[in-house]
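In UniProt numbering, the protein residues as written are 1 to 644.
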C-alpha cells in the first residue's frame, strides 16, 4: 500500500487548472523529484501532500499514523534561539505529550481510588502508548544525535548562521521527527557545492519517502529514483533519474505531436464535409455529426504545451581583445584576505565561471574584474569599449512598484534588439508574460517570474560583457536549457557565478576557483573538469607528502612529536586580543542591524525610483556588510577557540 495517494485531484486558481483530474502516489523509500514550469502548481501540490492545503476535488488516501514533515523554500524559526532549541522545536508534539504524562502522573499520585483515579490511569496508559510509538522518552538524545549527524553546534545562535547553515538547521528540525514522508521545496537554495554534495549524500541514505521540488538537474540525477512532471494539470510519472526522464519525455512529445496532427487533419476533413451542399445534407449520418461535435469539444479542451521563452541578447559593439587583466591582485576586508595575489587575463569571448563556497568572495572578484572595486595591492587593467549588462541575484535592479512594461522600456512602447524594433507587449510575450500582465506591478510576480523579467531587461540592452550572478535561481528547467543555448552561442564575454553544476558545465570554458585563504586558481573547462583536476592535484599532493614523510630521517621524529605537543598547548589571549573579543559581539550586532535596515529599504524597491544613486549605494553597502560580517564572525570564532 502507498504511503500517500491522491486520485482524480482538481485544483484551480481563477481559470487556470493547476491539477486537472491528476493522480499521484508515493511509496515507502521512494525519492520523487517533482518538476514543471514556473507557476504550474508544484508548491501547491507539495502543500496538499503536507496537509497544509486541500484540492478542490479528488480522493486523498494516507496510511494511518503517517508522519509528514514539510520544509519550505525559506524556513522560519526563532533567530535568537540556540540551534539545539530550534531543532528540538520539531518535537513539539512529543514534548507536549511528555509534559502531559508528567502532569497526569503527579495528579494520579494525589488522587484517591475511584472514578477520577480510573480516568487518570486510562489517560496515563494512552499517553504511555503514544510516547512509546513516537520514541519521545529520549527526545534530547534524538536531538543531539541529529545535530551530530548533520554537523551542527547545538549551542550556536541560529541568527548567527549563514544561509547554508540555516538550511541545515531546518533539515535537522525535520529529520529529528523521523518522518515517514519528507517534503522539500527547493532544498539546494543557499547551499554551495559542498553543501549540495552533503545534502545528496544525506538524502540517498534515508529510508523515508521523499518528495522534493528542484530545478537542479545534477541533484535530480543523483537523488531521484522517479521523476514526476506537473504538465498542463496532469501528473506524469517517469521511473529513473532526470537523464532517463529527458529521453522518455522527448519520445512522448514526438508521439503526442504526431497524434495531434492526425487528429487536427481528421477534424479539418469533417468540418469540410459538414459544410458541403444540399447533396451532402441528404446523406448525413447522425452518428458522424455527433462525432464531429465531440471532436470539436475535445479540440477546445486541449491544453497545448506551454510555449518556451524566446531569448535573443542585444549584441553591443565588439570590445577590445582584452576585457580585463589582473596582475598580482590582492583584496582584504579587515584581517581577512579575499583575493591573494591573483593573476589572470579575461579575453573577448571567454566564458568564465566563478566557483567556491558561500562567502569565498566571488562577487568581490567580479567587481575587481569589472573595475568597480579597487585592489589593495596589484593592478587591474580594464579593456576598451566595454559594455556591461549585469544580472543581480539580489534583484535590486527591479522597482517593485513599476509595471513590467515600464521596467523593460521606460517611456516607450518599443524595444530594439540587434537592430530589430519590437513592441514591448510582443517582447514580454517572448518571456511568457501575457499582454494583460504587462501593466501589472513587479511585486505581483513570483521569484521565477522576476528572474525571467530580469533576463528580459538584461537582454534588451546592447552589451558585449554579460555578468550573471546566480541567474539560475527559481528558473524552470526549459528556461535554463534555453539560457544555456543562448550563452553558448553568444559572441561576447560571459562572467558567471552559479551553484548549478550542469549549467556551469554547459556554458563556461574556464573556471576561477576559490581554494581557501584568498587563493584563486584558473582551470580550463567546466565544473566537472575543475573537480577532476582538483582531485588529481590533491592526490598528487598527498602522494608527495607521504613520500616526503617516508624519506625523512628517523632522527627528526622526536622533534616532530615535540613540535606536535607544543602545537596542542592552549595559547592565551593577549590583552589586545581580549579587548577585541569583547568588542566583536557588539560590532556583529551593529552590522546585522544595519544590514536588516538596508535590506528593508531594498525590498521595498521604491528607493530606486526616488534616488537611483542612493539605491545603488545601498546595494553595494549591503554586499560589503555581508563580507564584513563574515570577517567578524570568523575572527570571533578564531579568538573563542584560542581562549578555550
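Ideal Cβ placement from N, Cα and C applies to all residues, glycine included.
Mapping the DSSP letters down to three states, classify residue 427 as helix, strand or coil. Looking at residue 427 - three-state DSSP - the assignment turns out to be helix.
Can you give me the Cβ contacts of residue 53 inside the same chain, cut-off strictly under 6 Å, excluding the 5 residues immediately before and after it? Within the same chain, Cβ atoms closer than 6 Å to the Cβ of residue 53 are found at 47, the five residues on either side in sequence being excluded.
Terminal residues of the continuous alpha helix (DSSP H) containing residue 645? The first residue shown for the chain is 1 and the last is 644, placing residue 645 beyond what the model contains.
Taking 9 Å as the threshold (C-beta atoms), are residue 143 and residue 77 in contact? Cβ atoms of residue 77 and residue 143: not closer than 9 Å.
Exposed or buried, which one is residue 557 when buried takes at least 16 other CB atoms within 10 Å? Only weak support is given to the placement of residue 557: the predicted model assigns it a pLDDT of 47, under 50, and the value that follows is read from those uncertain coordinates. Exposed, by the Cβ-count rule.
Distance check for residue 481 and residue 229, CA to CA, integer angstroms please. Roughly 16 Å separates the two Cα atoms.
Among 137, 342 and 407, the one whose alpha carbon lies nearest that of residue 428: Scanning 137, 342 and 407 for the CA closest to the CA of residue 428 turns up 407.
Which listed residue (589, 621 and 625) has its alpha carbon closest to that of residue 157: Among 589, 621 and 625, the Cα nearest to that of residue 157 belongs to 589.
What is the DSSP secondary structure of residue 362, counted as helix, strand or coil? DSSP places residue 362 in helix when its eight states are reduced to three.
Three-way DSSP call (helix, strand, coil) for residue 229 in this model: Of the three classes helix, strand and coil, the one that applies to residue 229 here is strand, per DSSP.
Please state if the CB of residue 595 and the CB of residue 625 are separated by a distance shorter than 9 Å. In this structure, residue 625 sits near residue 595, with a CB-CB distance shorter than 9 Å.
Limits of the beta strand (DSSP E) - the one that residue 236 falls within: Unbroken beta strand (DSSP E) run through residue 236: 234-239.
Unbroken stretches of the alpha helix (DSSP H), 4 residues or longer, contained in the region 141-207: Within the region 141-207, the complete alpha helix (DSSP H) runs of at least 4 residues fall at 163-175 and 193-205.
For residue 329, which beta-bridge partners are listed by DSSP? Residue pairing from DSSP places residue 329 in a beta bridge opposite 342.
Look up residue 441 in the DSSP assignment and give the residues it is bridged to. The partner list for residue 441 (beta bridge, DSSP) reads 403.
Is residue 298 buried or exposed, if buried means 16 or more other CB atoms sit within 10 Å of its CB? Note on residue 298: under 16 other CB atoms within 10 angstroms of its CB, so exposed under the neighbour-count rule.
Between residue 86 and residue 173, what straight-line distance do the alpha-carbon atoms span, to the nearest angstrom? Approximately 7 Å, taken between the alpha carbons.
Does DSSP put residue 245 in a helix, a strand or coil? In this structure, residue 245 counts as helix in the three-state DSSP scheme.
Below 8 Å on the Cβ atoms is my guess for residue 591 versus residue 639; work out the distance and round it to an integer in Å. Actually they do not touch by this definition, with Cβ atoms about 17 Å apart.
Buried versus exposed, by CB contacts within 10 Å (16 or more), residue 546: So residue 546 counts as exposed.
If you compare alpha carbons, which of 114, 75, 61 and 136 is closest to residue 92? If we check each option's Cα against that of residue 92, 136 comes out closest.
Let me confirm a value: residue 49 is counted as buried when at least 16 other C-beta atoms fall within 10 Å, else exposed. Which label applies? Residue 49 is buried by the Cβ-count criterion.
Looking only at C-alpha atoms, which of 504, 474, 495 and 470 sits nearest to residue 484? Taking only the C-alpha atoms, the option nearest residue 484 is 504.
Leaving out five residues before and five after residue 633 in sequence, what residues of the same chain have Cβ atoms less than 7 Å from its Cβ? For residue 633, the CB contacts under 7 Å within the same chain, skipping 5 residues up- and downstream, are 160 and 588 in chain order.
What is the residue span of the beta strand (DSSP E) that residue 69 lies within? Where residue 69 is concerned, the enclosing beta strand (DSSP E) stretches over 68-71.
Quick one, which of 191, 201, 189 and 179 has its alpha-carbon nearest residue 209's? Of 191, 201, 189 and 179, the residue nearest in Cα terms is 179.
Cross-strand partners of residue 520 (DSSP beta bridge): Note: residue 520 sits in a beta bridge opposite 514.
Shortest alpha-carbon distance to residue 63 belongs to which of 27, 192 and 206? Per the Cα distances, 27.
If contact is defined by three or more beta carbon pairs under 8 Å, each pair taking one atom from either stretch, is the region 21-41 in contact with the region 214-228? As far as the Cβ criterion goes, the region 214-228 touches the region 21-41, which means the pair count is three or higher.
Grab the span of the alpha helix (DSSP H) containing residue 487 for me, first residue to last. Element bounds for residue 487: 477-489.
How is the alpha helix (DSSP H) around residue 551 delimited, first residue to last? Run containing residue 551: 527-551, per the alpha helix (DSSP H) assignment.
Should the region 338-356 be regarded as contacting the region 315-329, the criterion being three or more beta carbon pairs within less than 8 Å? At 8 Å Cβ cutoff, the stretches touch.
Find the nearest neighbour of residue 88 within the set 9, 129, 177 and 162, judged by alpha-carbon distance. Ranking the options by Cα distance to residue 88, first place goes to 177.
Less than 8 Å between the CB atoms is what I'm expecting for residue 467 and residue 398, so what's the real figure, rounded? The Cβ separation is near 16 Å, so there is no contact.
For a quick check, are the C-beta atoms of residue 510 and residue 322 less than 9 Å apart? In this structure, residue 510 keeps its C-beta atom at 9 Å or more from the C-beta atom of residue 322.
With contact counted as at least three CB pairs below 8 Å, one residue from each stretch, are the region 93-112 and the region 180-189 in contact? In short, these stretches do not touch, since the Cβ pair count stays below three.
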